[in-house]
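Undergrad: Below: one structure in structure tokens.
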């Protein structure tokens with residue numbers, strides 16, 4: 004299969020080339036030149052996550068070059084290596100409501116799925132010139148740690164992580180800086196959007212790329228987007244097999260990568276129903292879907308910090324799939340939840356149902372509650388994107404007890420951590436990359 008840019012000015016390329024590049028040469032995001040179509044019966048005999056993912060991604064990995072063929076031949080092994088932890092679909096206390104738990108990976112966040120898959124792919128792509136590939140990643144909280152964990156210690160691969168200083172939780176900050184070795188962590192004097200702008204500028208800097216080959220591990224990376232369809236495929240198939248109807252989803256979103264993976268999974272035939280986007284006070288998407296212009300803005304800090312995005316990169320992919328804005332607005336709903344309401348939801352759901360959610364998951368839970376009050380029927384699933392133990396300073400005072408730390412997260416918190424201060428200045432960042 005060939006992959007093209009959302010902006011239409013870059014030459015089509017193979018999957019291996021698209022994954023290695025991260026961003027298209029015209030500044031656009033890579034998307035499939037055509038979308039395969041599946042039916043539920045195509046997954047007969049596929050029961051576990053690696054098996055479902057292998058079947059799901061086979062058309063995308065159909066090689067048209069040596070790199071593509073190498074990845075296609077290793078696809079089953081890549082899936083087994085990347086997805087060695089569960090993504091359970093569980094019932095909530097309220098009838099017909101479910102939660103898809105994406106919090107059981109090495110860094111206790113959904114970003115582990117895409118990051119580990121991308122790392123497994125890039126580790127198999129040959130570096131002809133022998134020069135290490137540097138992965139540049141901006142993070143609003145969870146992406147950087149997942150990427151660092153996935154790439155840590157891999158020969159021929161280095162990582163530069165940028166996060167907004169003071170705008171991630173203390174445990175997130177510790178995770179981001181606890182790896183060392185081939186992982187270089189920078190705390191940026193600015194917001195996530197500043198970090199993201201630095202990464203995009205670096206990826207589009209031909210002079211820098213000539214000296215320091217770069218790729219991305221943000222949600223703009225095709226190597227992260229495609230595997231994120233896997234858990235939506237698995238959850239929707241399990242629900243369809245058990246109940247004979249599509250499962251609707253409420254997805255907390257910031258940069259739109261996770262939500263777009265669900266949207267893409269539905270577009271190629273998986274049995275997903277409605278998809279509703281849940282945001283925090285950064286309400287670029289709710290304003291657009293409410294009829295306003297798409298107007299990126301400076302992000303504001305919230306307690307659901309991984310969603311503190313004022314210019315969601317994957318909106319470009321959404322407009323590629325739905326080029327008509329009127330049609331796009333008819334297809335989706337986006338709702339905003341402020342900090343006070345997130346806090347209320349965390350406290351109330353624990354008091355009423357003994358359920359414990361991180362602030363991002365609680366955002367989706369509140370949106371689902373509002374949808375139910377508005378008369379939404381059918382079976383609905385909220386997506387749990389991070390473990391509440393990563394946000395103990397927020398969650399524990401609201402529920403009045405300690406949140407148990409998963410073993411993998413506890414091990415990371417025992418390691419020493421360090422991050423280098425960095426101004427939100429491209430000259431300073433490019434100098435660091437040349438020196439890595």
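Residue numbers (my numbering): 4 to 439.
All C-beta atoms, glycine included, are put in the ideal place defined by N, C-alpha and C.
All values reported here derive from a predicted model rather than from experimental measurement.
Would you report the Cα separation of residue 109 and residue 302, rounded to the nearest angstrom?
TA: Answer to the nearest angstrom: the Cα atoms are 28 Å apart.
Undergrad: What span of residues does the beta strand (DSSP E) with residue 256 cover, start to end?
TA: Unbroken run through residue 256: none, as it is neither H nor E.
Undergrad: Quick check: the stretch 271-280 against the stretch 395-413, are there 3 or more CB pairs under 8 Å?
TA: No, the stretch 271-280 is not in contact with the stretch 395-413.
Undergrad: Suppose contacts are defined by Cβ-Cβ distances below 7 Å. Is residue 78 in contact with residue 88 by that definition?
TA: Their beta carbons are not under 7 Å apart, which means residue 78 does not touch residue 88 by this criterion.
Undergrad: Pull up the distance between the alpha-carbon of residue 185 and that of residue 394, whole angstroms please.
TA: Taking the straight line joining both Cα atoms gives about 27 Å.
Undergrad: Residue 383 bridges to which residues according to DSSP?
TA: DSSP lists 100, 251 as partners of residue 383.
Undergrad: Using CA atoms only, rank isn't needed, just tell me which of 256, 269, 227 is closest to residue 237.
TA: The residue with the shortest Cα to Cα distance from residue 237 is 269.
Undergrad: Leaving aside the five residues before and after residue 315 along the sequence, list all residues of the same chain whose C-beta is less than 6 Å from its C-beta, in chain order.
TA: Contacts found: 258, 259.
Undergrad: Is residue 358 helix, strand or coil by DSSP?
TA: Coil.
Undergrad: At the 7 Å Cβ level, is residue 313 part of the contact set with chain B, yes or no?
TA: You won't find chain B in this structure, because it holds only one protein chain.
Undergrad: Indicate whether the contact test is met: 3 or more Cβ pairs, each with one atom in the stretch 336-347 and one in the stretch 361-371, closer than 8 Å.
TA: Short answer: they touch.
Undergrad: From 26, 176, 155, 21, pick the residue whose C-alpha is nearest to that of residue 308; which is it?
TA: It is 176 whose Cα lies nearest to the Cα of residue 308.
Undergrad: Need the endpoints of the alpha helix (DSSP H) that residue 328 sits in, please.
TA: Looking at the DSSP string, the run of the alpha helix (DSSP H) that includes residue 328 is 328-334.
Undergrad: Does the ligand MN have a heavy atom nearer than 6 Å to the CB of residue 155?
TA: The ligand MN is not among the ligands present in this structure, which contains no ligands whatsoever.
Undergrad: Does the stretch 281-295 come close enough to the stretch 222-232 to have 3 or more Cβ pairs within less than 8 Å?
TA: Too few Cβ pairs lie closer than 8 Å, so no.
Undergrad: What are the uninterrupted segments assigned as beta strand (DSSP E) that are 3 or more residues long and contained completely in the stretch 221-301, given in chain order?
TA: The stretch 221-301 contains these whole beta strand (DSSP E) runs: 250-255, 275-282.
Undergrad: Using only alpha-carbon positions, find the residue among 323, 99, 94 that is nearest to residue 380.
TA: Answer by Cα proximity: 99.
Undergrad: My assumption, with CB atoms under 8 Å, is that residue 220 sits in contact with residue 140. Please give the rounded CB distance.
TA: With a Cβ gap of about 4 Å, residue 220 and residue 140 count as contacting.
Undergrad: Is the beta carbon of residue 371 less than 7 Å from the beta carbon of residue 385?
TA: Yes.
Undergrad: What are the boundary residues of the alpha helix (DSSP H) that residue 440 is part of?
TA: With the chain covering only 4 through 439, there is no way to say anything about residue 440.
Undergrad: If you compare alpha carbons, which of 137, 157, 81 is closest to residue 446?
TA: Nothing can be reported for residue 446, as the shown portion of the chain is limited to 4 through 439.
Undergrad: Give a yes or no on contact between the stretch 168-175 and the stretch 152-160, applying the rule of three or more CB pairs nearer than 8 Å.
TA: These segments do not touch.
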